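There are 2 protein chains.
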Amino acid sequence: MTIFDEATAVTRRGEGTYDARPDPRFAMVAPGGTAPPAVNGGVLIATVLRAVLDSSAHPHPVATSATFLRVARLEPAEVQVTWLKHGKTASTAHATLVQEGEPVLDVTVTTGTVPAGPEAAAAAGPARAADPARPLRSEDLHWTDAPPPFPPIEECVDLGVWPGAVAQGGAAGFAAQIQVLFDPATTGWRRREPSGLPEMRGYFRLREEREADAYLLALAVDGLPPVAFGLGATGWAPTVQLTWHMRGVPSAGPLRVAARSRHVGGGWFDEQAEVWDAADRLVAQSTQLARVGRGPVHGPADGGRPG
Amino acid sequence: MTIFDEATAVTRRGEGTYDARPDPRFAMVAPGGTAPPAVNGGVLIATVLRAVLDSSAHPHPVATSATFLRVARLEPAEVQVTWLKHGKTASTAHATLVQEGEPVLDVTVTTGTVPAGPEAAAAAGPARAADPARPLRSEDLHWTDAPPPFPPIEECVDLGVWPGAVAQGGAAGFAAQIQVLFDPATTGWRRREPSGLPEMRGYFRLREEREADAYLLALAVDGLPPVAFGLGATGWAPTVQLTWHMRGVPSAGPLRVAARSRHVGGGWFDEQAEVWDAADRLVAQSTQLARVGRGPVHGPADGGRPG
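From first to last, the protein sequence lines are chains A and B. Positions 1195 to 1501 (this note's numbering) are the ones given, in order, by the first sequence. Positions 1195 to 1501 (this note's numbering) are the ones given, in order, by the second sequence.
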């Protein structure tokens, strides 16, 4: 059992009630200690998903929408699961991570089934050609846009522990559990020379040997530093709302995570991420709304692209 | 009072309880009558938002996440609102649209404040130049990516009523209330000559004269035909989950809505939309996961771009 599996474990206590415990090994603190220590949000979402999938008739969390209400403390927590609908294709549950009677994380999950490998009916053309007598049905449709540009993994860089990924007392926390090999084009902020573009790309994996699955995807979609770092805003950037879709069961090998923002303003920024597996399949997508972290902006000297 | 305002009206009955009524004037039926008549999802979300904002300390729904559980009937409904957190910058409510004791639409809304007009501190450069002694703070940050390409409005086309936007008995329903002037590049499906690209773009407005606001944005983010139409799949495509972010108060004038998909497969497709106002500001963003509608695929002869 890996540390990640231990950190996201839940124990069924009764009908729709599970015990959990935010794990200090995935803790993060704000740079300069400006906020209380927190546990990585993706780890908390994975914990809630374990409780939901425990009683789901469908195997995959196809749509997960999470709102972060309070900072999770390193204390016992309870996950409460209520099913809103049981369907043939999809079922939906509402789940809450609760600490000391207060909701910490509010999650709605729709479970269903996603493909576990390259899809048989590749596209309109081939399917038609194989059996021209059989009209193509929309269930057969398969279409994917181009993947984001990625340098080869050997050109990517390990930044080690980054601001916001360290635990209390300077212990490595979250960053000690995962490894991100960054596209060097998105790492200027580490030298106080941000690129001026709110984007982040990297190869993502747990440091321990472990197969990628839905729980690890929940970690990966929010596993890179905030894209606002690319604009020089390296303060604590709390996620308010995160929605992610599981689109396929990931194959073995490192995951590629590409995140970018479309708009930063009014103290808010969006972050849209995609996770591609080693077989070049889009396996997860996410969008989140976060607060721009308070604090000074470091560079860029050239001002970036004004809005 | 416009038909849209009437159709989304709620009446407070008690603490956190509101009466509503899905309006036949925004009804839609599946092509070929393969599903019961439904009310447009954006209208239902706007209805729920009215109930949430009625008791919100903050003016704007900055993050709304909605899961569609059942088809809303044209009968009385109740909106139940529970506040999960009241914060200085943002507050979060959980709300449910209920009919006959069953949840129809499950929504989590975070309210806050978004800019109402061009932002003062435009970007790093100017802000720094204005007062070089004052270090730029991340709250001042403003950055926007390039808008999607749009033809001039006079080159766009009104398709009238499209499949899926008609009400029972052939009445115009939803499509009689709104006008979309489509980018002609995204209208081939109407002639059974789909472009082979899952995208849709159009200028969007109510047919009645009415200012754009949060409620109209809730309609606009899901106001175009499903992007799967662009692949020739013009069957009923039910939205399972839709999340949208309000990023600015829209200025007067037509809204531009651009939607596209990144991946269609396993019977699911994502649809990501942006709404830009006439002053060229990104005012809303959405992402949804929907089922590919059942039924035959019409064209494209060239097979589109295989995934």
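C-beta: ideal position from N, C-alpha, C; glycine also. Being a predicted model, the structure only gives us computed values, none of them experimental.
Can you give me the start and stop residues for the alpha helix (DSSP H) that residue i sits inside?
i          : result
A/Ala-1201 : 1197-1201
A/Asp-1248 : 1235-1248
A/Ala-1214 : It is not in any alpha helix (DSSP H) - A/Ala-1214 instead sits in the beta strand (DSSP E) that spans 1211-1214.
B/Ala-1266 : Run containing B/Ala-1266: none; DSSP gives neither H nor E here.
B/Ala-1414 : 1408-1414
For the beta strand (DSSP E) that contains residue i, what are its first and last residues?
i          : result
A/Phe-1376 : 1372-1376
B/Leu-1449 : 1449-1454
A/Phe-1262 : 1254-1262
B/Arg-1384 : Unbroken run through B/Arg-1384: none, as it is neither H nor E.
A/Pro-1297 : 1296-1306
B/Ser-1480 : 1476-1485
A/Asp-1217 : It is not in any beta strand (DSSP E) - A/Asp-1217 carries neither H nor E in the DSSP assignment.
B/Gly-1470 : First, the residue type needs correcting, since residue 1470 of chain B is Trp and not Gly in the sequence shown. Its beta strand (DSSP E) spans residues 1462-1470.
B/Phe-1398 : 1393-1400
A/Ala-1287 : 1285-1293
A/Thr-1511 : The first residue shown for chain A is 1195 and the last is 1501, placing residue 1511 of chain A beyond what the model contains.
B/Val-1491 : Per DSSP, B/Val-1491 belongs to no beta strand (DSSP E) and is neither H nor E.
B/His-1457 : 1457-1459
B/Gly-1208 : 1205-1208
Between residue i and the rest of its own chain, which residues show a CB-CB distance below 7 angstroms, the 5 nearest in sequence each way excluded?
i          : result
B/Thr-1307 : His-1252, Pro-1253 and His-1254
B/Thr-1381 : Val-1351 and Leu-1353
A/Arg-1322 : In this prediction, A/Arg-1322 has a pLDDT of 42, which is less than 50 and means its spatial position is unreliable; nothing more can be read from the coordinates.
A/Arg-1215 : Pro-1270 and Ala-1271
A/Ala-1408 : Leu-1243, His-1254, Pro-1255 and Met-1440
B/Gln-1293 : Ala-1266, Arg-1267, Glu-1269 and Ala-1271
B/Ala-1379 : Ser-1389
A/Glu-1403 : none
Which residues in the same chain have their Cβ closer than 6 angstroms to the Cβ of residue i, if we skip the five residues on either side of it in sequence?
i          : result
A/Val-1301 : Val-1242, Ala-1260 and Ala-1289
B/Gly-1319 : Residue placement at B/Gly-1319 cannot be trusted, given a pLDDT of 37 that sits under 50; what the coordinates show is reported in the next sentence. Excluding sequence neighbours, B/Gly-1319 sits near nothing in its chain.
A/Phe-1198 : Leu-1400
B/Val-1477 : Arg-1441, Gly-1442, Pro-1444, Val-1469 and Asp-1471
B/Trp-1337 : none
B/Ala-1414 : Phe-1398, Leu-1449, Val-1451 and Val-1469
A/Gly-1489 : Gly-1429
B/Ser-1549 : Here chain B covers residues 1195 to 1501 and nothing more, so residue 1549 of chain B does not appear.
B/Trp-1277 : Ala-1287
Nearest chain A C-beta to residue i closer than 7 angstroms, yes or no?
i          : result
B/Trp-1337 : yes
B/Leu-1400 : no
B/Gln-1373 : no
B/Ser-1332 : yes
B/Leu-1449 : no
B/Arg-1441 : yes
B/Leu-1483 : yes
B/Gly-1489 : yes
B/Leu-1263 : yes
B/Thr-1381 : no
B/Thr-1196 : no
B/Ala-1321 : Because B/Ala-1321 carries a pLDDT of 39, less than 50, the predicted location of this residue cannot be relied on, and the following value inherits that uncertainty. Answer no: the Cβ-Cβ gap between B/Ala-1321 and chain A never drops below 7 angstroms.
Since residue i and residue j are thought to touch, with beta carbons under 8 angstroms apart, how far apart are those beta carbons, to the nearest angstrom?
i          : j          : result
A/Val-1548 : A/Phe-1398 : As shown, chain A starts at 1195 and ends at 1501. That puts residue 1548 of chain A outside it, with no answer to give.
B/Asp-1416 : B/Ser-1455 : That belief does not hold up - the Cβ atoms of B/Asp-1416 and B/Ser-1455 are roughly 14 angstroms apart, past 8 angstroms.
B/Thr-1196 : A/Arg-1485 : The pair is not a contact, with the Cβ atoms about 34 angstroms apart (cut-off 8 angstroms).
B/Ala-1221 : B/Val-1233 : 6 angstroms
A/Ala-1287 : A/Val-1246 : 5 angstroms
B/Thr-1433 : B/Gln-1371 : Their Cβ separation, rounded to whole angstroms, is 18 angstroms, which puts B/Thr-1433 and B/Gln-1371 out of contact at 8 angstroms.
Would you say residue i faces chain B, with C-beta separation under 7 angstroms as the test?
i          : result
A/Asp-1474 : no
A/His-1457 : yes
A/Thr-1437 : yes
A/Ala-1314 : At A/Ala-1314 the pLDDT is 48, less than 50, meaning the model places this residue with poor confidence and gives no usable figure here.
A/Leu-1278 : yes
A/Asp-1199 : no
A/Gly-1210 : no
A/Gln-1479 : yes
A/Val-1486 : yes
A/Thr-1205 : no
Verify the contact flag: residue i, CB atom, against every heavy atom of the ligand FMN, threshold strictly below 6 angstroms.
i          : result
B/Leu-1413 : Annotation note on the ligand FMN: not contained in the displayed structure, which lists no ligands.
For residue i, which residues from the same chain have a beta carbon less than 8 angstroms from its beta carbon, with the 5 sequence-adjacent residues on both sides left out?
i          : result
B/Thr-1211 : Glu-1272, Val-1273, Gln-1274 and Val-1275
B/Val-1421 : Pro-1392, Glu-1393, Met-1394, Ala-1453, Arg-1454, Ser-1455, Phe-1463 and Glu-1465
B/Pro-1297 : Leu-1263, Arg-1264, Thr-1290 and Leu-1291
A/Gly-1461 : Arg-1485 and Val-1486
Open item on the list: Which residues of the stretch 1405-1435 of chain A have a Cβ closer than 8 angstroms to any Cβ of chain B? Give them in chain order.
Closed with: Ala-1422, Leu-1425, Gly-1426, Ala-1427, Gly-1429, Val-1434 and Gln-1435
TODO: Taking only beta carbons into account, state which residues of the stretch 1288-1310 of chain A come closer than 8 angstroms to chain B, listed in chain order.
DONE: His-1288, Pro-1297, Asp-1300, Thr-1302, Thr-1304, Gly-1306, Thr-1307, Val-1308 and Pro-1309
Open item on the list: Short of 8 angstroms Cβ to Cβ, which residues in the stretch 1234-1258 of chain A face chain B?
Closed with: Val-1256 and Ala-1257
Open item on the list: At a CB distance below 9 angstroms, what residues from the stretch 1459-1471 of chain A approach chain B? Give them in sequence order.
Closed with: Gly-1459, Gly-1460, Gly-1461, Trp-1462, Phe-1463, Asp-1464, Gln-1466 and Glu-1468
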